[in-house]
Each structure stands twice: as C-alpha cells, then as structure tokens.
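J.: First the structure, which I've put down as structure tokens, then a few questions once you've had a look.
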Amino acid sequence: MELECMNEDILGCKCSEKHDDLIQFLNDKVDNLYLFRDRYFENHKIEDAIKKNEEIQTLLETSLKLFNDHEHLITDKNRAKYNFLKGKLLNAVPKYNKEAENLLSKSIKLDPKLVNAWNELGECYWKNDELDKSINCFEGALKEKKNKFSLRSLSMLSRQAASKNREERIKNIEKGLNYAKEAVQLDPHDGLSWAVLGNAHLSSFFGIQQNPKILKQCLSAYSQAEKDLVAKSTPDLHYNKGITLKYEEEYELALASFNEASLYDPTWEPPAIKEKQLVKYLNDIKELVSTSGKMKAKRLHQMLQSIDSKLLGPYGGGSYTSTNGETVKLVEIQLSDLKPGINEEKVVLGKVVCSVRNQDTVPL
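Just so we're aligned, residue 1 is where the sequence shown starts under full-length UniProt numbering, counting upward by one.
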C-alpha cells in the first residue's frame, strides 16, 4: 500500500510527497540530482551551460530540505544508508563539504561494507586535497567489491602522486595506466573510464616515453569516450583531447576541442587560455615563415648558399644504414616537395633561421 506522507499522526511527516519506502524515496532524490547533473545536456542547449551549476545547487537545496524534514523518521537500521545518501547529495558539487565528510564517515562506521560510501568519502577527501586518505578510501571500496569508480579514481590519484625520483614517477604512471585499463575491462561502454584511460596514456607520453603511437592510443580512447553522452558532456575530455591533438600537430582540431571544452563549462578558464596560446603560436609561425625569421636578406642568402648535400653525412648518398645493419633508401628532396602525412624514404637538408617561442615545452 502506498502512503501519502501527509498524515502527521501516523507518519510524523508533513511533506506532500508520496512514499512507502522512505530510504528508497530519498535514494531516488539523490539519483535524480546526479542524473540532472550528468545528463544536463540531454534536455538543455549548450548555451545553457552557464546556468548548470546554479540549477544543480537549487535542486540540491530542495532535496536537502526533504532529507532534513524526514531525518526524525529514520530508524537505527537505516541510519547508515541515510547518512550515505545525504553525504552523497552534498558531494554532488565540486566544492568540498565538511558535513558530507562527517556523514560519509559515520555511514562507513555503521556499515563498512557500503562500497559507494567508501567511494564518496574518497571523493570528499580528494576535494580537500587529502590524497592519502582519499586513496585509502578507494582501496577500501575495492576490498569490498571491484568497481570502475574506485579504479578510475585510483588511476588519477596514482598519476598525481608525488614522486621522489624519475623511477618512482614512472612506476606511478604505469600503476595509473593499469587501473584505467581495469576500469575499461569492467565496463567497456562507460565513457568516463575510456576518458581516464586516454588521460593515463597521455601521462605516459609525457612522463615515460614520447612515442607518437601513444598519442594515437589517447585519441582512440577519447573517441570511445565520446560515444557516451555523460563523458562527452565533461569539459575535461575535450580539453585533454585538445592537448593531445596539439602535440599531434592537428591544430585546427585542437582549437575546436579547446572551444568545445569552454562551451561545456564557460567558467573554467584553462581551455580558453590554451586556445588563445595556440592561436598566438600559429600566428607567430605564419609571420616568421613569411618573413624568413625576420632575417636580413644578405644573411639569408649566405645561409642558402652554404647548404650542401655533403652536410647530410650518414643520410647522404641515397641510403642510410642503421646500427643494426638495416639499409634504408633515401631520396633528398626540397621542403616544398613534402606531402602531408608520412614521407617515407625522403630526406631534407636545411638550416634553422629562427625558433618560435612556445608557452609549453614541446616533446621531441
């Protein structure tokens, strides 16, 4: 039988909402808030992004009032679940909330097997920059049950961990990559896990080996992530994709990704900053190419005259022999003869007339 929560004598409740299972009723309120947050752009235009955080906060406060109004009806049996749900509700926004931490801590003390409470408390500590406590929580959740949320979080935290030396740094990055791969294996359809895997590969590119193949792995993971609306709506995905595309020298696509990141969260400044820096970098290149590095004509002529095929060294003579004895045919061509993409068996000889200043350290 469904009871309408208006009978103060029977239920001690004055609200006008119907519910026969109070915990399920409150659980639904929390789920609705997270659905509204994570799937906001299913029912809103991208232009509404600026209103998103304010609307989430309004819905949170409405739901919080329901929690407070019903707290006196919670039994000891349901106290752990109630504390978890209220803590999760308060944890729905990016800002750290002390009350959320207290509620989630109490929930775990009452029921240590609440995996989701461990994860939410880990998120809470993370927001407060208590990374060691956060890691302990996610590891605690994994002890109870293997889950993608904990694995994703540990992937990020492992890569953020302070390192005493390069060896430890590499170990942390590899650990983070393995956690991300596990998360994807648990649920290959979860876009957030794919996004974290892409980021883990990107960390590997910068921190371990600057291999172009790793950038391809990043973009492949980001492409999988974009198939999931929840992941596609996160500005982080497009920002990190933009960084990857920049180092792939796909500048037009990189600018589009930075712009998309800004559209999904107009209050987040890094994408707009990166976009502006990249535009300046490209304009500087364009100007320096058109002016030959602003070099005087006489000096430029002397440099051109000094270019001689003999300077190719081991790459001259039509072939190159590697250290393992493999011989590769090489044809000397002009810069103007290069084609977009891979130019196999081609070699170019030139001299540097200038260098373009870049805000980032570009890996070779």
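Don't be surprised by glycine CBs; every beta carbon is placed ideally from N, CA and C.
Check for me: the beta strand (DSSP E) holding Val328 runs from which residue to which?
T.: Thr327 to Lys329
J.: By the 10 Å Cβ neighbour count, where 16 or more other Cβ atoms means buried, how is Pro235 classified, buried or exposed?
T.: The residue in question, Pro235, is buried, as its Cβ has 16 or more Cβ neighbours within 10 Å.
J.: Comparing alpha-carbon positions, which option in Lys339, Tyr315 and Glu269 lies nearest Ile50?
T.: Glu269
J.: Quick test of the definition: if touching needs 3 or more C-beta pairs under 8 Å, does the stretch 66–85 touch the stretch 21–35?
T.: yes
J.: Start and end of the alpha helix (DSSP H) containing Thr58?
T.: Lys52 to His70
J.: Rounded to a whole number of angstroms, what is the C-alpha to C-alpha distance between Val353 and Gln359?
T.: 20 Å
J.: What are the complete alpha helix (DSSP H) segments, minimum 4 residues, inside the stretch 91–134?
T.: 98–110 and 115–127
J.: Thinking just about the alpha-carbon of each residue, which of Gly242, Gly293 and Ala297 is nearest to the one in Lys274?
T.: Gly242
J.: Helix or strand or just coil, what does DSSP make of Glu2?
T.: For Glu2, the predicted structure reports a pLDDT of 39, less than 50, and the residue's modelled location is therefore unreliable. The matter cannot be settled from this model.
J.: From what residue to what residue does the beta strand (DSSP E) around Ser322 run?
T.: Neither: Ser322 is in no beta strand (DSSP E) and is coded neither H nor E.
J.: I believe Val196 touches Arg152 by the beta-carbon criterion, under 8 Å. Please report the beta-carbon distance rounded to the nearest angstrom.
T.: In this structure Val196 is in contact with Arg152, their Cβ atoms being roughly 5 Å apart against a cut-off of 8 Å.
J.: Between the Cα of Leu282 and those of Tyr320, Glu250 and Ala297, spot the shortest distance and give me the residue it belongs to.
T.: For the options Tyr320, Glu250 and Ala297, the alpha carbon positioned closest to that of Leu282 is the one of Glu250.
J.: Taking 8 Å as the cut-off, decide whether the C-beta atoms of Gly198 and Ala225 are in contact.
T.: In contact: Gly198 and Ala225 (Cβ atoms closer than 8 Å).
J.: Just to confirm the assignment, what range does the alpha helix (DSSP H) spanning Tyr247 have?
T.: Residues Pro235 to Tyr247.
J.: Would you decide whether Pro94 is buried or exposed? Buried here means 16 or more other CB atoms lie within 10 Å of its CB.
T.: exposed
J.: What are the partner residues of residue 367, as DSSP defines its beta bridges?
T.: The requested residue 367 is not part of the displayed model; the chain covers only 1 to 364.
J.: Buried or exposed: where does Pro188 fall if 16 or more other Cβ atoms within 10 Å of its Cβ makes it buried?
T.: Under this definition Pro188 is an exposed residue.
J.: For Pro212, count the other beta carbons within 10 Å of its own beta carbon; 16 or more makes it buried, fewer makes it exposed. Which is it?
T.: exposed
J.: Around the C-beta of Ala261, are 16 or more other C-beta atoms found within 10 angstroms, so that it is buried, or is it exposed?
T.: buried
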